[in-house]
Ligand SMILES: [Zn+2]
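Residue numbers (the working numbering): 1442 to 1747.
Below you can see the structure in the form of structure tokens.
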């Protein structure tokens, strides 16, 4: 008789803030949704500081973010990782991509790309592949980015909140950057490598990253990584349609119970009034028990009063 191995892969979720400011309400939502979904599914929840882009790092904001999360009552598993400590992982992945011969150096500036795509009547911002046949040995270092050739192929997945989503990488995205001209591994590459290294099985994050997912799936395919499950929560915007993270006066999260209840309600969960909870532990226990990801609104954004 054939023995089937029914052992299911353990749920491993994560929250990966960039240390470029204090924790605002928008990032609290991503933290809460990823944490509660992990705990509701008896999974682990890991914290990673996305500090690969050192130019954007604000000193000590990692410490502020961590103490705010702690004050909110989040409890994470394992030790916190910092992207800046794992450059060799990204380098190794980049070398593997180079071996596929799908990468090439690109010397185009942002302005040039905009002009080219306008002249060629390509959707704004999509790189037309101008440098595809450039030989990097003739170009001085630090004057080019490395792009990855994309196929004329549909990348589809079922988002746990937003439903079916699909992109044709060649038509909708174009060859994208995996290594920046200023010597920084791209967000797309580093996030895929990190999630693989930490064996992340479920990714719950903001809607603004929904359209990055097909690029990340393509990288996972080329690097032979397993594909995680995705869920993208709506973004919190102001009445003027401004993303909270873009606002200098975005409500700083202090970690009080009222804010936690507001965040849970924003995520579509039915929770009692803050005064009905004895304390934050009581709130988290309730939220984790009754969490229903199907109740998270299937929309791009929702207005929040700040
Ligand atoms: Zn180019």
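From the three backbone atoms N, C-alpha and C, an ideal C-beta is built for every residue, glycine too.
All values reported here derive from a predicted model rather than from experimental measurement.
**Request:** Alpha carbon to alpha carbon, how far is residue 1618 from residue 1551? Give it in angstroms, no decimals.
**Result:** When rounded, the distance between both Cα atoms is 12 Å.
**Message:** Can you find the residues in the same chain that come closer than 7 Å, C-beta to C-beta, to residue 1531, ignoring five residues on each side of it along the sequence?
**Reply:** Leaving aside the five residues that flank residue 1531 on each side, the residues in its chain whose CB is nearer than 7 Å to its CB run, in chain order, 1626, 1630, 1631, 1634.
**Message:** Short of 6 Å in beta carbon distance, which residues of its chain neighbour residue 1475, apart from the five on each side in sequence? Order them along the chain.
**Reply:** 1454, 1456, 1645, listed in sequence order.
**Asked** Residues in its own chain within less than 8 Å of residue 1689 by CB, not counting five upstream and five downstream?
**Response** Residue placement at residue 1689 is flagged as unreliable, the pLDDT there being 49, under the threshold of 50; the coordinate-derived value follows with that caveat. If we look at residue 1689 and ignore the five residues flanking it on each side, it has no Cβ neighbours.
**Nearest neighbour of residue 1520, chosen from 1487, 1514, 1610 [CA to CA]** = The shortest C-alpha separation from residue 1520 is found at 1487.
**Message:** Please enumerate, following chain order, all residues with a beta carbon closer than 6 Å to at least one heavy atom belonging to ligand 1.
**Reply:** Here the list is 1547, 1548, 1549, 1571, 1572.
**Asked** Since residue 1603 and residue 1739 are thought to touch, with beta carbons under 8 Å apart, how far apart are those beta carbons, to the nearest angstrom?
**Response** Correct: roughly 6 Å between the Cβ atoms.
**Item:** From 1534, 1613, 1451, residue whose alpha carbon lies closest to that of residue 1483
**Value:** That would be 1451, whose Cα lies nearest to the Cα of residue 1483.
**Message:** Is it buried or exposed, residue 1510, if we count other Cβ atoms within 10 angstroms and call 16 or more buried?
**Reply:** Counting of Cβ neighbours within 10 angstroms places residue 1510 among the buried residues, the total reaching 16 or more.
**residue 1468 classed as buried or exposed, judged by whether at least 16 other C-beta atoms fall within 10 angstroms** = Taking all protein chains shown into account, residue 1468 has 16 or more neighbouring C-beta atoms within 10 Å of its C-beta and is therefore buried.
**Item:** Expected contact under 8 Å - CB spacing of residue 1589 and residue 1616 to nearest Å
**Value:** That pair is a contact at about 6 Å.
**Prompt:** Quick one, are the C-beta atoms of residue 1707 and residue 1658 less than 8 Å apart?
**Reply:** Going by C-beta atoms, residue 1707 is not nearer than 8 Å to residue 1658.
**Request:** In the DSSP assignment, find the unbroken alpha helix (DSSP H) run with residue 1707 in it and report its ends.
**Result:** Per DSSP, the continuous alpha helix (DSSP H) segment holding residue 1707 begins and ends at 1698-1707.
**Message:** Which complete beta strand (DSSP E) runs does the stretch 1520-1555 hold, if anything under 3 residues is left out?
**Reply:** DSSP runs (the beta strand (DSSP E)) wholly in the stretch 1520-1555: 1544-1547.
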